[in-house]
Structures are given as structure tokens and as C-alpha cells.
Amino acid sequence: MDTILIILCVASFAAGFVDAIVGGGGLIQTPVALVALPNVHISSIIGTLKIPGFSGTSVATYQYLKKVKVNWKLFAVMAVVSFVFAFIGSQTLTVVDNDFMKPVLFFILVGLLIYTYIKKDFGQFSIKNWSVKKQYVYATLICVFIGFYDGFIGPGTGSLLIMAFVAVLGFDFLKASSYAKLVNLATNIGSITLFAIKGKILWKFALPMALCNATGAWIGARLAISKGNAFIRVFFLVIVFLTLLRFGYDIFIK
Numbered sequence: 057m058d059t060i061l062i063i064l065c066v067a068s069f070a071a072g073f074v075d076a077i078v079g080g081g082g083l084i085q086t087p088v089a090l091v092a093l094p095n096v097h098i099s100s101i102i103g104t105l106k107i108p109g110f111s112g113t114s115v116a117t118y119q120y121l122k123k124v125k126v127n128w129k130l131f132a133v134m135a136v137v138s139f140v141f142a143f144i145g146s147q148t149l150t151v152v153d154n155d156f157m158k159p160v161l162f163f164i165l166v167g168l169l170i171y172t173y174i175k176k177d178f179g180q181f182s183i184k185n186w187s188v189k190k191q192y193v194y195a196t197l198i199c200v201f202i203g204f205y206d207g208f209i210g211p212g213t214g215s216l217l218i219m220a221f222v223a224v225l226g227f228d229f230l231k232a233s234s235y236a237k238l239v240n241l242a243t244n245i246g247s248i249t250l251f252a253i254k255g256k257i258l259w260k261f262a263l264p265m266a267l268c269n270a271t272g273a274w275i276g277a278r279l280a281i282s283k284g285n286a287f288i289r290v291f292f293l294v295i296v297f298l299t300l301l302r303f304g305y306d307i308f309i310k
């Protein structure tokens, strides 16, 4: 048991580091947890991983907020919507298998990777595309879909949020990462609430992993803020590529 916990904690540290920069930390700790805990139901694994995910995101968010100005009214709307739909997504996960969504996500990520690579200036500076009303509408729609996805599947949520905020709302990568962390907090709380009510969280793993995830997130966030948009873009491309490999394996090989 001690060996399993050490493995999970190392994975959680790495996940916190990666997630703080561009999201996608779940792509590290989720498969490790599935292998390390083969006899545990998927809903308990996802529920348990929400705790370290929340702790790491909290630390990263604090670091970003010292650097990036946030529209708190916009975030409040996004947080409520994300919380509700993450709760619904987690509820759905307790009764429905989520494997059917992986092929869809795979092809979305292929397009995402190609577009981000070709558009060298993508996410390098903020663009004011929409009126205030349209910004709220599009932000809400993003949080409906990705909030549900986070509760239902989870891995890659941060990367998807960043992509949506850059492509749809016109944020630069640093600003998009900040908002992604804030929204991720809301989705994590929504999922944690549901999983806690259902008794799906394995606290003996969740709490030590939370400490490790938070440590990794603190280091990752400081690195991202110091290096800026160009660094985050490159890191983003790497993580999306690795995400593709993960889902490609699940779809075509496993």
C-alpha cells in the first residue's frame, strides 16, 4: 500500500506542475491511478483525484491572480454554470460509461493541435472580439460544455478551457490560463460535492496526493508566469500532443 501511495503522489506532483501551466494534469494522474488501483470503480478513482486536482488548482490560481486582472462578474457567471454542469456530469458518470466520448475528443484535439501549431501568433496577445453581452453568452456556453465534460471524464479539461478562451473569447495564453484555473476550481467543487455525497472519495489517497499536487502546481505556475505566453504556447502544444497519444491508445489499441 505504501508503494502505491508513493507512486500516486509522484504522479500527482507531476500532474500539478503540468496542470498549472496549460492544464491536462489529469492525463498524468488518471491513468496512473487506474493502473495502481485496478480493483477500484472508475467513479471512486475520478472522485478521489478531484481532491488533489482542487488543491493544485487553488495554489496555481493564487499565483496567477497576482499577475492577471480578472473580470469577477464574468467569472461569477462562469463559476456557477461550471459548478452546476460539473455536478451533472459527475452524476451521469455514476450511471453511464464515458468511453463513447473519447473518439469525439480525439478528433477535436487533432484540429486543435494543427491550428495552434500553424497560427504562430495564436494566444500571444489579447483580442477584444465581442461586446460585453456576447462575451457573457459565449463564456456561459463554454462552461456548460466543458463543465459537463470535466465532471463526466476530466482529463484535458484545463487545455480545452484554455483553447476555448483563446479561440472564442480572444484571451492571450496567460489570461486564458488564469480563467481556466478559476473555472476549474468551480468544476472541481461541483464534482467533489457529488462524489462526497455518494461516498466515492478515498481520502487515504486523496489527502497525501493533494499536498503533492499543490507543490507541483506552485512550481508550475511560477514558471509559466515568469516565462510568459510564448513558453505557455509551446508547453500547450506538447500537452495536447500527449493527450492525443493517450486517447489514440484508448480508442485504437487498447
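When you read off a place in the sequence shown, starting at 1, and then add 56, the result is the number in the working numbering.
We treat Cβ as the ideally placed atom computed from N, Cα and C, and that holds for glycine.
It should be emphasised that the depicted structure is a prediction, and the values quoted were computed from it without experimental measurement.
### Message
Between the alpha carbons of Ser-187 and Ile-60, how many angstroms are there, rounded?
### Response
51 Å
### Query
Can you list, in chain order, the stretches of the alpha helix (DSSP H) that have 4 or more residues and sit fully within the segment 80-106?
82-92
### Query
Does DSSP put Gly-179 in a helix, in a strand, or in coil?
Caution is warranted here: a pLDDT of 44 is assigned to Gly-179, below 50, making its placement in the model unreliable, and the coordinate value is therefore given only provisionally. In the structure shown, Gly-179 sits in coil (DSSP, three-state: anything other than H, G, I, E or B).
### Task
Count the other CB atoms, across all protein chains shown, that sit within 10 Å of the CB of Tyr-305; report buried if there are 16 or more and exposed otherwise.
exposed
### Query
Counting along the chain, where does the alpha helix (DSSP H) carrying Lys-254 start and finish?
For Lys-254, the enclosing alpha helix (DSSP H) starts and ends at 229-254.
#### Entry: Opening and closing residue of the alpha helix (DSSP H) in which Thr-7 lies
As displayed, the chain neither begins before 57 nor continues past 310, which places residue 7 out of reach and without an answer.
### Task
Please work out which residues of its chain come closer than 8 Å, Cβ to Cβ, to Gln-180, disregarding the five sequence neighbours upstream and downstream, and give them in chain order.
Note on Gln-180: pLDDT 48, under 50, position unreliable in the model; no value is reported.
### Message
Mapping the DSSP letters down to three states, classify Val-193 as helix, strand or coil.
### Response
helix
### Message
At the level of alpha carbons, what is the spacing between Ile-170 and Phe-162?
### Response
13 Å
### Task
Label Asp-75 either buried or exposed according to how many other C-beta atoms from any shown protein chain fall within 10 Å of its C-beta, with 16 as the threshold for buried.
buried
### Residues near Ile-198 by beta carbon distance below 6 Å, same chain, minus five either side
Correct list, in chain order: Ala-220.
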